[in-house]
Amino acid sequence: MDITKLEQKNKCIFAIKLAEKASSYLQESNVKGLINEAIEVSWKWVHTEENVGEVLYNFLDNEENGFTLFQEMEEDEKKISAWDCIIDAVAYVSRAAYENEGIKYLPEPIEIVDDNIFTHMVQSLTLCDSMECEYIEKVYKKCLEEVK
1 MDITKLEQKN KCIFAIKLAE KASSYLQESN VKGLINEAIE VSWKWVHTEE
51 NVGEVLYNFL DNEENGFTLF QEMEEDEKKI SAWDCIIDAV AYVSRAAYEN
101 EGIKYLPEPI EIVDDNIFTH MVQSLTLCDS MECEYIEKVY KKCLEEVK
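Mapping of the sequence shown onto the UniProt record's numbering: residues 1 to 148, in sequence order.
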(Lines of atoms letter the chains of each structure in order from A and count residues from 1; the text may use other names and numbers.)
(Lines give C-alpha, C1' and ligand atoms only; values in the text may rest on other atoms or scores of the structure.)
Protein backbone atom coordinates (compact mmCIF):
# COMPACT_ATOMS: atom_id res chain seq x y z
CA MET A 1 0.00 0.00 0.00
CA ASP A 2 1.55 3.28 -1.15
CA ILE A 3 -0.30 6.16 0.48
CA THR A 4 1.57 8.68 -1.70
CA LYS A 5 -0.46 7.47 -4.70
CA LEU A 6 -3.59 8.99 -3.16
CA GLU A 7 -4.56 12.63 -3.54
CA GLN A 8 -4.95 14.70 -0.37
CA LYS A 9 -8.73 14.40 -0.21
CA ASN A 10 -8.60 10.64 -0.76
CA LYS A 11 -6.02 10.33 2.02
CA CYS A 12 -8.50 12.08 4.29
CA ILE A 13 -11.30 9.75 3.17
CA PHE A 14 -9.05 6.75 3.83
CA ALA A 15 -8.21 8.07 7.31
CA ILE A 16 -11.87 8.75 8.16
CA LYS A 17 -12.94 5.27 7.01
CA LEU A 18 -10.29 3.71 9.27
CA ALA A 19 -11.46 5.88 12.17
CA GLU A 20 -15.05 4.79 11.58
CA LYS A 21 -13.96 1.16 11.71
CA ALA A 22 -11.84 1.75 14.83
CA SER A 23 -14.77 3.42 16.56
CA SER A 24 -16.62 0.10 16.46
CA TYR A 25 -14.15 -1.17 19.08
CA LEU A 26 -15.31 1.58 21.42
CA GLN A 27 -19.04 0.83 21.12
CA GLU A 28 -19.83 0.79 24.82
CA SER A 29 -17.70 3.84 25.41
CA ASN A 30 -19.41 6.81 27.01
CA VAL A 31 -17.65 9.03 24.47
CA LYS A 32 -19.05 7.36 21.35
CA GLY A 33 -21.08 10.51 20.63
CA LEU A 34 -17.93 12.66 20.61
CA ILE A 35 -16.17 10.21 18.31
CA ASN A 36 -19.12 10.25 15.91
CA GLU A 37 -19.18 14.05 16.01
CA ALA A 38 -15.46 14.24 15.14
CA ILE A 39 -16.01 11.84 12.25
CA GLU A 40 -18.98 13.92 11.03
CA VAL A 41 -16.90 17.11 11.14
CA SER A 42 -14.14 15.30 9.23
CA TRP A 43 -16.62 14.25 6.52
CA LYS A 44 -17.95 17.80 6.46
CA TRP A 45 -14.46 19.06 5.66
CA VAL A 46 -14.03 16.50 2.86
CA HIS A 47 -17.30 17.64 1.27
CA THR A 48 -17.21 21.40 1.91
CA GLU A 49 -13.63 22.36 2.87
CA GLU A 50 -15.06 24.57 5.61
CA ASN A 51 -12.61 25.91 8.17
CA VAL A 52 -12.71 23.13 10.76
CA GLY A 53 -9.01 22.61 11.55
CA GLU A 54 -9.36 24.09 15.03
CA VAL A 55 -12.64 22.29 15.68
CA LEU A 56 -11.02 18.95 14.86
CA TYR A 57 -7.95 19.75 16.92
CA ASN A 58 -10.17 20.51 19.92
CA PHE A 59 -11.55 16.96 19.78
CA LEU A 60 -7.99 15.75 20.33
CA ASP A 61 -6.58 18.18 22.85
CA ASN A 62 -9.23 19.39 25.25
CA GLU A 63 -8.75 19.41 29.03
CA GLU A 64 -12.26 18.13 29.73
CA ASN A 65 -13.03 15.67 26.97
CA GLY A 66 -10.08 15.40 24.59
CA PHE A 67 -9.54 12.07 22.86
CA THR A 68 -5.96 11.90 24.11
CA LEU A 69 -7.24 12.20 27.67
CA PHE A 70 -9.72 9.36 27.18
CA GLN A 71 -7.02 7.23 25.61
CA GLU A 72 -4.68 7.80 28.57
CA MET A 73 -7.38 6.61 30.96
CA GLU A 74 -8.06 3.43 28.93
CA GLU A 75 -6.58 0.14 30.15
CA ASP A 76 -7.75 -2.28 27.44
CA GLU A 77 -5.00 -2.62 24.80
CA LYS A 78 -7.47 -3.14 21.96
CA LYS A 79 -9.30 0.06 22.88
CA ILE A 80 -6.02 1.96 23.20
CA SER A 81 -5.19 0.86 19.64
CA ALA A 82 -8.64 1.97 18.46
CA TRP A 83 -8.04 5.37 20.07
CA ASP A 84 -4.64 5.55 18.33
CA CYS A 85 -6.28 5.04 14.95
CA ILE A 86 -9.04 7.57 15.63
CA ILE A 87 -6.64 10.19 17.00
CA ASP A 88 -4.32 9.75 14.01
CA ALA A 89 -7.19 10.11 11.54
CA VAL A 90 -8.65 13.22 13.17
CA ALA A 91 -5.16 14.74 13.44
CA TYR A 92 -4.53 14.09 9.74
CA VAL A 93 -7.79 15.68 8.62
CA SER A 94 -7.20 18.56 11.04
CA ARG A 95 -3.80 19.21 9.44
CA ALA A 96 -5.31 19.11 5.95
CA ALA A 97 -8.03 21.54 7.04
CA TYR A 98 -5.53 23.92 8.66
CA GLU A 99 -3.38 23.87 5.52
CA ASN A 100 -6.41 24.51 3.33
CA GLU A 101 -7.25 27.51 5.53
CA GLY A 102 -3.74 28.87 4.97
CA ILE A 103 -2.82 28.68 8.66
CA LYS A 104 0.97 28.99 8.98
CA TYR A 105 1.44 28.20 12.66
CA LEU A 106 -0.14 24.91 13.63
CA PRO A 107 -0.61 23.47 17.11
CA GLU A 108 2.53 21.49 17.92
CA PRO A 109 0.86 18.04 17.87
CA ILE A 110 -0.61 18.79 14.43
CA GLU A 111 2.62 20.26 13.09
CA ILE A 112 4.33 16.85 13.17
CA VAL A 113 1.51 15.06 11.31
CA ASP A 114 2.38 13.89 7.81
CA ASP A 115 1.78 10.90 5.53
CA ASN A 116 3.92 8.71 7.80
CA ILE A 117 1.02 8.69 10.27
CA PHE A 118 -0.79 6.21 8.01
CA THR A 119 1.65 3.45 8.94
CA HIS A 120 0.73 3.90 12.61
CA MET A 121 -2.97 4.29 11.80
CA VAL A 122 -3.08 1.01 9.84
CA GLN A 123 -1.00 -0.80 12.45
CA SER A 124 -3.30 0.43 15.23
CA LEU A 125 -6.42 -0.83 13.47
CA THR A 126 -4.87 -4.23 12.79
CA LEU A 127 -3.92 -4.48 16.48
CA CYS A 128 -7.65 -4.27 17.20
CA ASP A 129 -8.19 -7.30 14.96
CA SER A 130 -5.81 -8.76 12.38
CA MET A 131 -8.80 -9.43 10.12
CA GLU A 132 -9.03 -5.67 9.53
CA CYS A 133 -6.23 -6.03 6.95
CA GLU A 134 -8.83 -7.00 4.34
CA TYR A 135 -10.99 -3.98 5.16
CA ILE A 136 -7.98 -1.64 5.03
CA GLU A 137 -6.91 -3.00 1.64
CA LYS A 138 -10.45 -2.71 0.27
CA VAL A 139 -10.78 0.92 1.40
CA TYR A 140 -7.33 1.77 0.03
CA LYS A 141 -8.16 0.28 -3.38
CA LYS A 142 -11.44 2.19 -3.50
CA CYS A 143 -9.66 5.45 -2.67
CA LEU A 144 -7.01 4.65 -5.29
CA GLU A 145 -9.70 4.06 -7.94
CA GLU A 146 -11.10 7.53 -7.19
CA VAL A 147 -7.74 9.01 -8.24
CA LYS A 148 -7.80 7.36 -11.67
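Think of the CB as a built atom: it goes at the ideal place given N, C-alpha and C, for glycine as much as any other residue. These figures come from a predicted structure and were not determined experimentally.
Cβ contact check for the segment 66-80 and the segment 14-24: 3 or more pairs under 8 Å: no
Where residue 109 sits in the DSSP three-state scheme: helix
Boundaries (first-last residue) of the alpha helix (DSSP H) holding residue 92: 77-101
C-beta contact flag for residue 26 and residue 38 at 8 Å: no
Residue 133 vs residue 81 beta-carbon contact at 8 Å: no
Between the CA atoms of residue 59 and residue 112 - distance to the nearest angstrom: 17 Å
Classification of residue 1 by the beta-carbon crowding that lies within 10 angstroms, buried from 16 upward: exposed
Proximity of residue 117 and residue 22 at Cβ, strictly below 8 Å: no
Nearest neighbour of residue 121, chosen from 93, 54, 61 [CA to CA]: 93
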